[in-house]
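The opening residue of the sequence shown carries number 1 in my numbering; numbering runs sequentially from there. We put the beta carbon where it would ideally sit given N, CA and C, even for glycine.
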Amino acid sequence: MTARRPAARTLLALPAGLALLVGIDAGLGLLDAWPPVNSGRLGEVHGILMVLGFVGTLVALERAVALGRPIGYAAPALLGLGALLLVPEPTGEIGASLITAGALALCLLYVPLWRRNRDDAVLVSALGAVCALGGALLWRGGADTSQTIAWLAGFVILTIGGERLELARLAMPSTAGRDLVLLGSGLASGIVAATLWPAVGTPLLGAALLALTSWLVRHDVARRTINGSGLPRFAASCMLSGQAWLVVAGVIWLLAGATVEGATYDAVVHAVFLGFTISMIMAHAPSILPAVTRVPLPYRPAMYAPWLLLQLSLVVRLWGGDALGSELARRIGGAGNAIALLLFLAVAIGSAVRGVPAKPRTTTEGVRS
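Structural data, given as C-alpha cells:
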C-alpha cells in the first residue's frame with residue numbers, strides 16, 4: 001500500500017494539470033490571443049479552473065499528505081473531479097457542486113491539522129480555505145466571476161502566507177504567528193467589506209493587503225537568501241517578485257476602488273493570480289512537489305527562464321496593455337504569460353525526468369576532477 005501512495009497522489013494531481021492547460025487555453029481565448037483550441041464557453045470558468053481547479057487541487061493534495069489520513073484526500077479528489085466535469089460542460093451543476101464540496105472539504109481538512117499542534121500557520125491557511133469556500137458559494141449561487149475575485153485572492157494569499165510562516169518560522173520574530181493571524185483576519189474582513197460595500201470596502205481591502213505584504217517583505221527570509229546561490233536564490237527571486245505584484249494589486253484596490261471589468265480589473269486579477277501566485281508556486285515547487293509525489297524535482301538554472309518570461313510578459317500586459325490601453329500589448333503579454341506557464345511545466349518535467357544531478361567527485365587534494 002505504501003509503495004502505491006506516491007502513484008495515487010500523482011493521479012490526484014493530474015486533474016490540476018488538465019485544469020491548468022484548459023484554463024490557459026480559455027484565457028487566451030478571452031484575449032483573442034491565438035488560443036490553440038477553440039474553448040468556447042470555457043472562458044466563463046477560466047478563473048475557477050485556474051484558482052480552484054489548479055491551485056486548489058494542489059493545495060488540498062499537499063494538505064492531505066500533511067494530514068496523513070485517507071479521508072483528507074476527499075478535498076483534492078472533489079476539486080479535481082469538479083474541474084474535470086467543467087471542461088465538457090462549463091455551466092454544469094455537477095461540476096460546480098463538486099468544486100464547492102471540495103472547498104468545504106478543504107476547510108474541514110484543516111480542523112484535525114489545527115488540533116494536532118494549534119499552529120498559527122495552519123490557522124492562517126485555514127482562513128484562506130474559508131475564502132475559497134466563500135468564493136465557490138458565490139459562484140455556485142450565480143455570481144459573476146468578477147464578484148468572487150476578492151475571495152479567491154484571499155484564498156491564495158492567505159494559503160501562501162500560512163505556508164511561508166510554516167517554512168520560515170525560525171527566521172521570523174517570536175510574534176510572527178500572532179501578527180500574521182491578525183493581518184490575515186484584517187484581509188478577510190476587507191474581503192467581506194468589499195463584497196457588501198464595494199465603494200468603501202475595496203480600498204480597505206487594498207490597505208489590508210498592503211499591510212500584510214509589507215509584513216511579509218520585512219520578515220520573510222527572501223531578502224537575505226537573495227544573496228545566496230542555487231535554489232535559495234531562485235526561490236528568493238520568485239518570492240520577492242511575487243510580493244511586488246501583491247503591492248501592485250493592493251495599490252490598485254486602494255486607489256481605484258471596486259474593479260469588476262476593464263483595465264484595472266485585468267491588472268488586479270493577473271497581478272495576484274499570475275504575478276504573485278505563480279511566482280510563489282515556482283519558488284516552492286522544487287521543495288513541496290517532491291514531498292507530495294515522492295518524485296525529486298531538482299533545481300536547475302533553466303528554471304529562471306519561465307520566471308523571467310512571466311515577469312516581463314506581465315509588465316507588457318499590465319503596463320502596455322492595461323495602463324496604456326494597447327490591445328496588442330495586452331494580447332502579446334497574455335500570450336507570454338501562457339508560454340511562461342507551459343515553459344515552467346516543461347522545465348519541471350524535464351528536471352524530474354533527468355533526476356538529481358550527480359555530485360562532482362573530488363581528488364584527495366580537494367580539487368574537482
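Minimum C-alpha distance to residue i - residue among the options
| i | options | result |
| --- | --- | --- |
| Thr159 | Cys107, Trp307, Thr145 and Gly141 | Cys107 |
| Val87 | Val37, Tyr73, Arg116 and Leu123 | Val37 |
| Ile281 | Ala329, Leu170 and Arg164 | Arg164 |
| Leu11 | Tyr73, Leu28 and Gly29 | Tyr73 |
| Ala101 | Arg224, Asn117, Leu137 and Pro306 | Leu137 |
| His219 | Ala348, Arg233, Met239 and Val122 | Met239 |
| Ser97 | Arg115, Ala77, Arg116 and Leu109 | Ala77 |
| Gly141 | Leu127, Gly92 and Ser174 | Gly92 |
| His270 | Asn117, Ala8 and Met50 | Met50 |
| Ala7 | Trp319, Leu30 and Ala291 | Ala291 |
| Arg300 | Val260, Pro286 and Leu310 | Pro286 |
| Ala244 | Ala222, Gly262 and Leu67 | Ala222 |
| Val272 | Ile288, Gln311 and Thr293 | Gln311 |
| Asp25 | Ala194, Ile349, Ile99 and Asn337 | Asn337 |
| Leu18 | Val111, Leu58 and Gly29 | Leu58 |
| Arg41 | Gly27, Thr293 and Gly53 | Gly27 |
| Val122 | Cys131, Arg63, Pro173 and Asp144 | Arg63 |
| Arg115 | Phe155, Leu67 and Glu327 | Leu67 |
| Val130 | Asp119, Leu104, Pro112 and Leu52 | Leu104 |
| Thr293 | Val65, Glu166 and Ala249 | Val65 |
| Thr213 | Asp179, Ala193, Pro232 and Ser229 | Asp179 |
| Leu318 | Ala267, Asp144 and Leu127 | Ala267 |
| Val260 | Ala33, Arg331 and Ala143 | Ala143 |
| Arg354 | Pro298, Gly333, Ile332 and Gly320 | Pro298 |
| Pro70 | Arg9, Gly350 and Pro232 | Arg9 |
| Ile48 | Trp139, Asn117 and Gly128 | Trp139 |
Enclosing alpha helix (DSSP H) for residue i [first to last residue]
| i | result |
| --- | --- |
| Arg374 | Because the chain in this structure spans residues 1 to 369, residue 374 falls outside the shown range and cannot be described. |
| Ala129 | Asp120 to Arg140 |
| Met239 | Gly230 to Ala256 |
| Tyr299 | It is not in any alpha helix (DSSP H) - Tyr299 carries neither H nor E in the DSSP assignment. |
| Thr293 | Thr277 to Thr293 |
| Gly154 | Thr145 to Leu167 |
| Arg317 | Run containing Arg317: none; DSSP gives neither H nor E here. |
| Thr372 | Outside the shown range of the chain, which is 1 to 369, sits residue 372, and nothing can be said about it. |
| Asn337 | Glu327 to Arg354 |
| Ile174 | Correcting the residue type first, residue 174 is Ser in the shown sequence and not Ile. It is not in any alpha helix (DSSP H) - Ser174 carries neither H nor E in the DSSP assignment. |
| Leu210 | Pro198 to His219 |
| Ala323 | Counting along the chain, Ala323 falls outside any alpha helix (DSSP H), and DSSP gives it neither H nor E. |
| Glu62 | Thr57 to Leu67 |
Contact under 8 Å by Cβ, residue i with residue j
| i | j | result |
| --- | --- | --- |
| Tyr375 | Ser125 | This structure gives no information on residue 375, because the portion of the chain shown stretches from 1 to 369. |
| Leu216 | Gly161 | yes |
| Leu133 | Gly206 | no |
| Gly135 | Trp151 | yes |
| Gly201 | Gly190 | yes |
| Ala83 | Pro15 | yes |
| Leu187 | Ile157 | yes |
| Glu89 | Gly80 | no |
| Leu309 | Ile339 | yes |
| Ile278 | Leu341 | yes |
| Leu343 | Pro306 | yes |
| Leu371 | Gly275 | Nothing can be reported for residue 371: it is not among the residues displayed for the chain, which extend from 1 to 369. |
| Val356 | Met303 | no |
| Gly154 | Ala199 | no |
| Phe54 | Leu20 | yes |
| Ala235 | Ala283 | yes |
| Asp322 | Ala249 | no |
| Ala335 | Ala33 | yes |
| Ala437 | Leu113 | The displayed coordinates of the chain run from 1 to 369. Any statement about residue 437 would go beyond what the structure contains. |
| Leu204 | Ala211 | no |
The ligand COA heavy atom lying under 7 Å from the CB of residue i
| i | result |
| --- | --- |
| Arg169 | Annotation note on the ligand COA: not contained in the displayed structure, which lists no ligands. |
>> At 3 residues or longer, what runs of the beta strand (DSSP E) sit wholly inside the stretch 79-109?
In response: DSSP runs (the beta strand (DSSP E)) wholly in the stretch 79-109: none.
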